[in-house]
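Numbering (this note's numbering), first residue to last: 23 to 324.
Each residue gets a CB set at the ideal place from its N, CA and C atoms; glycine is no exception.
Note that the coordinates shown come from a computational prediction; the quantities given were computed from them, not determined experimentally.
Read the structure below first, then the notes.
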Amino acid sequence: IFCSSFEDGEDGSCPTVAGPWAAGATGPSKRYRAGGTSDGTSVYVFGGSNDIGAYLNDAWKWNPATETWTQLANMPTGKSNIQGAYLNGKIYVPGGYTGSHIAENAIYDIASNTWSTGAPLPATQTGMTAAYNGKIYVFGGNPGPQTTLEIYDPVADTWTAAAPMPVATTYGRAVTAGAYMYIIGGIAGTVVANVWRYDPAADTYTAMAPLQTARTSEELMVSGNSIYAVNGGDSSFFSGVPLAQTVEVYNIPSDTWSYGAPVVTTAAASSGGLAGGKLMIMGGIDSTNYYDLVQISTLVPQ
């Protein structure tokens, strides 16, 4: 396969690898445990907490071509400990934390730049969120850790419980790759390296090769046959893993992990996504340092 563009690698048509990371132009203010997702064209970052204990409701769009930020309409509620998932022109942000856990199901319509709310979660929760086949999946989370799996049907505006996770987990991330969802890292009493593959057709979980470095509140991105786990907290939860270990790459066919080019600055709870052939994370916390730093890596042909 001739690699004619970086974008080719995002769907697996051309093997790519994330190149060196560099600092980009800042946009949103300092924050950590914000939501982050991508519609394939742009990356969206919303909410989170900051250095003065506020729960943020602002939302932003990052353009990978110009590496610039645009502020969007505010979320209905300022909230932290969120992930969010893109599905059919909308971003779903169920649950969150505002000093206590909430069940709000915030929904952003990209075309109209408006927010609405759907049926709330069955219980107040912060969970790990992914989209698959027209539905939104929320795994585990707090208060807990817990094992719950709740599935949201946007058409029916209803929630349904499914098979619980094998291990109660919170503060990891979930991502969809092919016909499966992967729940990676998080806290299960301590910070863990666990990787679970969930099969939505069979409603079953399979333990996969663990991360080489346990991490919590990382960001996940998928490119072809690779899942990137970027940044994340170490055993102290709010300190970043060692710089050399900030990027791990999961090879889906071989079920193996390797370290990629490290980011510029380690941090726990950065948020971002992959669009336009670029991986982007922003924000995070490392001990007493709170960041608005934007970090970017471009996919290059292997």
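Ser245 sits away from Gly41, with the two beta carbons spaced by 8 Å or more.
Between the C-alpha atoms of Gly69 and Asn79 there is a straight-line separation of about 5 Å. When only Cα atoms are considered, Val189 and Pro232 end up about 14 Å apart. Note that the stretch 50-66 does not touch the stretch 264-283; fewer than 3 beta-carbon pairs, one per stretch, sit closer than 8 Å. Taking the C-beta atoms as reference points, Gly254 is found no nearer than 8 Å to Val65. When DSSP assignments are scanned along the stretch 71-139, the uninterrupted stretches of beta strand (DSSP E) that are 3 or more residues long and fall wholly within it turn out to be 81-85, 90-93, 107-109, 112-119, 123-131. Asp256 and Met150 have their alpha carbons spaced roughly 18 Å apart. In the structure shown, the three-state DSSP call for Leu143 is coil. Judged by DSSP in its simplified three-state form, Ala266 adopts helix. Note that the C-beta distance between Ile303 and Gln317 is below 8 Å. Asp308 sits in a strand when the DSSP states are folded into three classes. In this structure, Met187 sits near Tyr227, with a CB-CB distance shorter than 8 Å. The residue among Thr63, Ala95, His123, Gly106 with its C-alpha nearest the C-alpha of Pro86 is Thr63. Judged by beta-carbon spacing, Tyr313 lies beyond the 8 Å limit of Ser239, meaning their Cβ atoms are not closer than that value.
Partner residues in the beta bridge of Asp175, as assigned by DSSP, are Thr180. A Cβ-Cβ distance of about 4 Å is found for the pair Ile104 and Gly57, placing them in contact under the 8 Å criterion. As the crow flies, the alpha-carbon of Ser71 is around 6 Å from that of Arg55. Judged by DSSP in its simplified three-state form, Asn253 adopts coil rather than helix or strand. Exclusion of the five residues before and after Leu109 leaves Ala153 as the residues of its chain whose Cβ lies within less than 6 Å of its Cβ. Here Ala184 has Leu171, Ile173, Asp225 as same chain residues with Cβ atoms under 7 Å from its own Cβ, once five neighbours each way along the sequence are excluded.
Residue state for Asn155 is assigned as coil, using DSSP reduced to three classes. Straight through space, the alpha carbons of Val115 and Gly166 are spaced by roughly 19 Å.
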